[in-house]
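Numbering (full-length UniProt numbering), first residue to last: 1 to 266.
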């Protein structure tokens with residue numbers, strides 16, 4: 001389900017999905033919590049959930065009634081008891097979501113950095129969750145969106161950041177527009193990587209074919225002429241097997257060296 005301290009929002013979402021539409025008894029919910037969380041984490045969840053319930057239901061019933069310490073022996077066939085079971089589930093999910101204190105480690109939210117192979121969509125979602133977790137801000141509010149937009153641009157991978165910063169008045173653009181522009185840069189980068197991989201494979205095939213031909217050729221050419229032919233190769237207008245351009249051989253190809261250096265760096 002994930003780490004509660006690192007991602008309470010994600011854990012709450014996954015637990016809620018795991019429980020599905022079913023109604024669980026007090027005993028079943030306690031058993032599930034015991035499997036998923038430590039005793040300390042269960043205490044954090046209970047305190048947070050009950051606090052939120054009491055804040056939202058100041059006229060009662062109190063959270064102690066909805067989440068008793070001992071089994072209340074609720075009857076699944078009793079409509080009132082079924083209502084208690086449904087409320088307990090709500091308290092638990094809210095408790096998981098709010099169990100970790102927020103707003104005290106905003107610097108951690110701003111320390112995030114896009115990974116090179118991370119798509120802009122994945123990066124934005126990770127940044128959004130981090131902002132919620134560590135700052136306590138809602139990314140949907142004007143203040144939250146402004147912070148999210150600034151961090152999305154400033155902490156994107158180098159080529160994406162440079163492109164976004166060149167957009168005139170990017171601070172006034174919508175987040176969706178910035179995301180589309182970032183996606184274009186990412187797709188172009190991936191396309192270029194694929195082209196370089198194809199060039200390297202084609203060059204390897206051509207070189208293998210050439211070596212195969214050279215191995216067969218000496219059988220039909222006298223030794224004296226073989227040597228002369230070899231000496232004349234360097235004097236002719238050779239074609240590179242890598243970039244398919246004339247004037248140099250593969251071992252001297254600048255494009256090949258640049259592509260190989262890029263893949264080594266990756």
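Note that beta-carbon positions come from the ideal geometry of N, C-alpha and C, so glycine has one too.
Next item on the list: Return the chain-ordered list of same chain residues with a C-beta closer than 7 Å to the C-beta of residue 178, the five sequence neighbours on each side being excluded.
Entry: 149, 152, 153, 164, 170
Check: How would you write the range of the alpha helix (DSSP H) that residue 150 sits in, first residue to last?
Finding: 142–154
Item checked: Span of the alpha helix (DSSP H) around residue 129 -> 120–135
Notebook entry, point to check: For residue 62, is the classification buried or exposed, using 16 other Cβ atoms within 10 angstroms of its Cβ as the cut-off for buried?
Noted result: exposed
Margin query: Considering only their Cβ atoms, is the gap separating residue 157 from residue 114 smaller than 8 Å?
Written below: yes
Notebook entry, point to check: Hey, would you say residue 145 sits closer than 8 Å to residue 127, going by beta carbons?
Noted result: no
Notebook entry, point to check: Excluding five sequence neighbours on each side, which residues of the same chain lie with their C-beta closer than 7 Å to the C-beta of residue 249?
Noted result: 238, 240
Notebook entry, point to check: For residue 50, which residues from the same chain have a beta carbon less than 7 Å from its beta carbon, with the 5 sequence-adjacent residues on both sides left out?
Noted result: 63, 67, 91
Next item on the list: Using DSSP bridges, identify the partner residues of residue 196.
Entry: DSSP, once it has assigned bridges, lists no residue as partnering residue 196.
Next item on the list: Kindly indicate which residue of 173, 143, 174, 118 has the alpha-carbon position closest to the one of residue 319.
Entry: In the structure as shown, the chain starts at 1 and stops at 266, and residue 319 therefore has no counterpart that could be examined.
Check: Using 8 Å as the limit for Cβ to Cβ distance, is residue 56 near chain B?
Finding: Absence of chain B from the displayed structure is noted, only one protein chain being present.
Checklist line | 7 Å CB neighbourhood of residue 11 in its chain, flanking five on each side removed | finding: 1, 2, 4, 96
Next item on the list: Determine the burial state of residue 25: buried for a count of at least 16 other Cβ atoms within 10 Å of its Cβ, exposed for fewer.
Entry: buried
Checklist line | Pairwise C-alpha distance: residue 176 and residue 190 | finding: 21 Å
Checklist line | Beta-carbon proximity list for residue 71, same chain, < 7 Å, skipping 5 on both sides | finding: 26, 27
Check: If you count every other CB in all the chains shown that lies within 10 Å of the CB of residue 18, and 16 or more means buried, which is it?
Finding: exposed
Notebook entry, point to check: Which class does residue 245 belong to by DSSP, given the choice of helix, strand or coil?
Noted result: coil
Note to self: Could you compute how far the alpha carbon of residue 23 sits from the alpha carbon of residue 88?
What the structure shows: 10 Å
Margin query: Considering just the uninterrupted stretch of the alpha helix (DSSP H) at residue 56, what are its terminal residues?
Written below: 39–56
Item checked: Local conformation of residue 25 per DSSP, three classes -> coil
Checklist line | Whole-angstrom distance between residue 253 and residue 98, CA atom to CA atom | finding: 59 Å
Check: Would you call residue 180 buried or exposed, if buried means 16 or more other Cβ atoms sit within 10 Å of its Cβ?
Finding: exposed
Checklist line | Proximity winner among 194, 160, 207, 147, relative to residue 172 (alpha-carbon distances) | finding: 147
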